[in-house]
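K.L.:
Just passing along the structure, written as structure tokens.
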Ligand SMILES: Cc1cc2nc3c(=O)[nH]c(=O)nc-3n(C[C@H](O)[C@H](O)[C@H](O)COP(=O)(O)OP(=O)(O)OC[C@H]3O[C@@H](n4cnc5c(N)ncnc54)[C@H](O)[C@@H]3O)c2cc1C
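Right, here's the structure in full:
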């Protein structure tokens, strides 16, 4: 067991944790991030393969309304590009009728992707954080005392003046033991706070050519029949390497990768023909199986339920513990914008505590 003594510990090196560490970079404080996975980024994960299209297995799109995220991207010199939708979409309203080709109206409020992949944002933030600030280990318990918090991970015991959790709140309350126990009201809210996209499945296929753009078609698919409800052209900004990427019905989490791939190909073949089988490779991610994102709900929790709940604005354990993370944000909770907003708010609170 190794012992450390620091000013601030941030649990989780996803977008909230890394952005907070970035904001704190000139504070002169000793800040450590502790991350359970072997990689940073959390629900942002871009799969790269040299010379091929990158595939987003997590967060992909942002919009003009995501002003704090846009400001952060500008600050980090990262650029965005408009999601290619094409002029038509494949639309499949019911299983008893054939699919339709729907003409898409002009897109006045497009979605954007980050050039080079969402992971670029994670890497840009990381460049402002020294490697020894990130500890790769799983936090298992927290103990609050009057003037400090003790964080126990598998291999470390860290004493900190302040502690910030950036875990999805449901995951926090179901996986981390806290002493003394947190207020019932907080625990109850956490138990019913939805983890955005925690039960989703992403699928992507790389291809040598964007055949889906032929015959006045596009890679845009909207299907009520599924199992792919939505799919989009996922080629790179330069349009030199090609892919399709979309969501797969989350209830198919227990079948094998091969079985999911077969279903993906079957659905795509219906629209584009035999050529769909000529894929270069297939990527997927079943987020329900990610123990550091999802844990099974005890009760039914609705999408976005309790996201941005006012109790998350409070502090706990004698004003030593702050609960952050995208789901706690009052604006765009669950999204990347929510993560950046959460980091900003906690940065202000910490500044206030430390400078007063
Ligand atoms: C499939 C999918 C698609 C999405 N699409 C979009 C999109 O298009 N646009 C958008 O804006 N948002 C999207 N999102 C949401 C977006 O990814 C999240 O809002 C954002 O990344 C959340 O960041 P976070 O840091 O708050 O949480 P997380 O990314 O969940 O970070 C929490 C971190 O804590 C770590 N951790 C967990 N338990 C422990 C422990 N015990 N000890 C130490 N570390 C721990 C985790 O490993 C993780 O790194 C999507 C998410 C998914 C999964």
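Residue numbers (this note's numbering): -10 to 345.
C-beta: ideal position from N, C-alpha, C; glycine also.
1) Could you check whether the region 131 to 143 touches the region 257 to 268, counting it as contact only if at least three pairs of C-beta atoms, one from each stretch, sit closer than 8 Å?
2) Are residue 226 and residue 70 close, meaning C-beta to C-beta below 7 Å?
3) Drop a sphere of 10 angstroms on the beta-carbon of residue 166, count the other beta-carbons inside from all chains shown, and report buried for 16 or more, exposed for fewer.
4) If you draw a straight line from the alpha carbon of residue 293 to that of residue 201, how long is it in whole angstroms?
5) Measuring only from the beta carbon, is residue 304 closer than 6 Å to any heavy atom that is part of ligand 1?
6) Thinking just about the alpha-carbon of each residue, which of 193, 229, 305, 66 is nearest to the one in residue 109?
7) What do you get for residue 415, buried or exposed, if any count of 16 or more other CB atoms within 10 angstroms of its CB means buried?
8) Look up residue 231 in the DSSP assignment and give the residues it is bridged to.
9) For residue 240, is the beta carbon positioned less than 6 Å from some heavy atom of ligand 1?
10) Going by DSSP, name the residue or residues bridged to residue 36.
11) Would residue 192 and residue 253 qualify as a contact pair, given that the criterion is a beta-carbon distance under 7 Å?
12) Along the chain, where does the beta strand (DSSP E) containing residue 161 start, and where does it finish?
13) Since residue 149 contacts residue 343 with CB under 8 Å, what's their CB separation in whole angstroms?
14) What residue range is occupied by the uninterrupted alpha helix (DSSP H) comprising residue 410?
15) I need the straight-line Cα distance from residue 215 to residue 237, nearest angstrom please.
16) Does the beta-carbon distance from residue 313 to residue 184 come in below 7 Å?
17) Provide the residue(s) that pair with residue 304 in DSSP beta bridges, ordered along the chain.
18) Should residue -8 and residue 146 be called a contact, given that it needs their Cβ atoms to be closer than 7 Å?
19) Indicate whether residue 222 and residue 73 have their beta-carbon atoms separated by less than 7 Å.
20) Of the residues 325, 340, 339, which one's Cα is nearest the Cα of residue 34?
21) Taking 6 Å as the cut-off, is the beta-carbon of residue 26 closer than that to any non-hydrogen atom of ligand 1?
22) With a threshold of 16 other CB atoms inside 10 Å of the CB of residue 179, please say whether the residue is buried or exposed.
23) Could you pull out every residue in the same chain whose Cβ sits closer than 6 Å to the Cβ of residue 47, ignoring the five residues on either side in sequence?
24) If you draw a straight line from the alpha carbon of residue 243 to that of residue 280, how long is it in whole angstroms?
25) Count Cβ pairs between the region 110 to 126 and the region -5 to 15 that sit closer than 8 Å; are there 3 or more?
26) Can you give me the start and stop residues for the alpha helix (DSSP H) that residue 350 sits inside?
27) Apply the 10 Å Cβ neighbour rule to residue 115 and answer buried if 16 or more other Cβ atoms are within range, or exposed otherwise.
28) Should residue 127 be counted as a contact of ligand 1 given a C-beta to heavy atom distance under 6 Å?
29) For ligand 1, is there any heavy atom lying closer than 6 Å to the beta carbon of residue 220?
30) If you follow the beta strand (DSSP E) that residue 331 is part of, which residue opens it and which one closes it?
31) Residues in the same chain with beta-carbon distance under 7 Å from residue 323, minus the five sequence neighbours each way, listed in chain order, please.
P.N.:
For this structure:
1) Judged by Cβ distances under 8 Å, the region 131 to 143 makes no contact with the region 257 to 268, as fewer than three pairs qualify.
2) Taking 7 Å as the Cβ cut-off, residue 226 and residue 70 qualify as a contacting pair.
3) Only exposed fits residue 166, as fewer than 16 other CB atoms lie within 10 angstroms of its CB.
4) Using only the alpha carbons, I get a separation of about 34 Å.
5) Incorrect: residue 304 has no Cβ contact closer than 6 Å to ligand 1.
6) Ranking the options by Cα distance to residue 109, first place goes to 66.
7) A query on residue 415 cannot be resolved here, the shown segment of the chain reaching from -10 to 345 and no further.
8) For residue 231, which the question treats as bridged, DSSP gives the partners 196.
9) No, the Cβ of residue 240 stays beyond 6 Å of every heavy atom of ligand 1.
10) Partner(s): 44.
11) Cβ atoms of residue 192 and residue 253: closer than 7 Å.
12) Taken as a continuous stretch (DSSP letters only), residue 161 belongs to no beta strand (DSSP E), being part of the alpha helix (DSSP H) at 158 to 164.
13) The beta carbons of residue 149 and residue 343 sit about 12 Å from each other, so the pair does not count as a contact at 8 Å.
14) Here the chain comprises residues numbered -10 to 345, so residue 410 is not present and cannot be evaluated.
15) Going from the Cα of residue 215 to the Cα of residue 237 covers about 8 Å.
16) Judged by their CB atoms, residue 313 and residue 184 are not nearer to each other than the 7 Å cut-off.
17) According to DSSP, residue pairing for residue 304 in a beta bridge involves 311.
18) Going by beta carbons, residue -8 and residue 146 fall inside the 7 Å limit.
19) Cβ atoms of residue 222 and residue 73: closer than 7 Å.
20) Of 325, 340, 339, the residue nearest in Cα terms is 325.
21) Yes.
22) Buried, since its Cβ has 16 or more Cβ neighbours within 10 Å.
23) The residues are 32, 33, 34.
24) Rounded to whole angstroms, residue 243 to residue 280 spans 15 Å at the Cα level.
25) Yes, they touch.
26) Missing from the structure shown is residue 350; the chain here goes from -10 to 345 and no further.
27) Its Cβ being crowded by 16 or more others within 10 Å, residue 115 is buried.
28) For ligand 1, a non-hydrogen atom lies closer than 6 Å to the CB of residue 127.
29) Taking non-hydrogen atoms of ligand 1 into account, the C-beta of residue 220 is found less than 6 Å away from none of them.
30) Residue 331: not part of any beta strand (DSSP E); member of the alpha helix (DSSP H) spanning 325 to 344, first to last residue.
31) 185, 293, 296, 315, 316.
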